[in-house]
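Enquirer:
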Amino acid sequence: LFFALARRRVGPFVALVPCISLLFLGYAWESFLWAFDLHTIYALAFGLGAVLALQRESRGGDVAACALLVLSVATIELGLAFVAGVAISVAIRPDRLRRSWIFLVPVALYAAWWLWARQFDQPSIELTNIRLIPITVTDALAAVAGSVAGLNPTGDGVFEPLTGVTGWGSALAALAVVAFVWRLTRGGLPRTTWIFLAVVLCYWVLIALGGRAP
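Sequence positions in the sequence shown follow this note's numbering and run 391 to 604.
(1) Return yes when the Cβ of Ala563 is within less than 8 angstroms of the Cβ of Ala532, no when it is not.
(2) With 16 as the cutoff for other CB atoms within 10 Å, does Gly601 come out buried or exposed?
(3) Would you call the CB atoms of Leu434 and Leu468 closer than 8 angstroms?
(4) Roughly how many whole angstroms lie between the Cα atoms of Trp419 and Ser490?
(5) Could you tell me whether the segment 492-505 touches the segment 458-465, where touching means 3 or more Cβ pairs closer than 8 angstroms?
(6) Work out the CA separation of Gln509 and Thr526 for me, nearest whole Å.
(7) I'd like the span of the alpha helix (DSSP H) that includes Pro524, first residue to last.
(8) Going residue by residue through the segment 411-475, where are the continuous alpha helix (DSSP H) segments of at least 4 residues, counting only ones entirely within it?
(9) Tell me which residue opens and which closes the alpha helix (DSSP H) that Pro496 is part of.
(10) Can you tell me whether Thr582 sits near the ligand SAM, meaning its C-beta is under 7 angstroms from at least one heavy atom of the ligand?
(11) Use the C-beta contact count for Trp594: other C-beta atoms within 10 angstroms, 16 or more gives buried, fewer gives exposed.
(12) Thinking C-beta only, is Thr556 closer than 8 angstroms to Asn542?
(13) Inspect the beta-carbon positions of Gly439 and Leu458 and report whether they are closer than 8 angstroms.
(14) Kindly indicate which residue of Asp485, Leu428 and Val441 has the alpha-carbon position closest to the one of Phe393.
(15) Hey, how far is the Cα of Ser411 from the Cα of Gly578?
(16) Between Arg399 and Ile478, what straight-line distance do the alpha-carbon atoms span, to the nearest angstrom?
(17) Check this for me: beta carbons of Gly559 and Ala598, under 8 angstroms apart or not?
(18) Note down, in chain order, each residue of its chain lying with its Cβ closer than 8 angstroms to the Cβ of Leu406, except the 5 sequence neighbours on either side.
See the structure below:
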């Protein structure tokens, strides 16, 4: 699914580069191989499928996107990040009001579950953790940069489920922000840029609200 999205923008051969990085990303072994954490992969697949379906720009594609978002949100809160991305995609179109049901349906279903499940102490998202958003976003960007570049710590004494934040990861993250701002000033960014940026930022905000480490 990720390859299908990337291929449309950079061609099949260039699209293989990030796909291979994801496939063999050693820091992600927990999500890829540990059965308990596969719900993250399922939610990710449903979310990517929703974005692909939405790009068909047809009634059937809209219905499929809504259904896939519902499945993604029903699996784990990661799906809410894709709901945010789809909401941005719909909001920047002139027919936004007519198509808003695509993202409002999964939001309504999740909200109903969230209110019902609080009596069982099920939701891990706490609004009081809003103070953690700035540091979580910056640390998450540094952790991702370090993971992709293979610079985060591994081996004895390292708690494997957490990649940690290193100086090199922070430096790469800072360079990435500078590069994005520079590209932003040039203009001409495709609309899909804002969709995926919304997905990433919303995911990091959810991690902060859940009190999770980057």
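Every residue, glycine too, gets a C-beta built ideally from N, C-alpha and C.
Expert: Here's the rundown:
(1) yes
(2) exposed
(3) yes
(4) 36 angstroms
(5) yes
(6) 28 angstroms
(7) Ile523 to Val538
(8) 419-423, 428-444 and 449-465
(9) Trp491 to Ala507
(10) Looking at this structure, you won't find the ligand SAM or any other ligand, since it has none at all.
(11) buried
(12) yes
(13) yes
(14) Val441
(15) 27 angstroms
(16) 19 angstroms
(17) no
(18) Phe393
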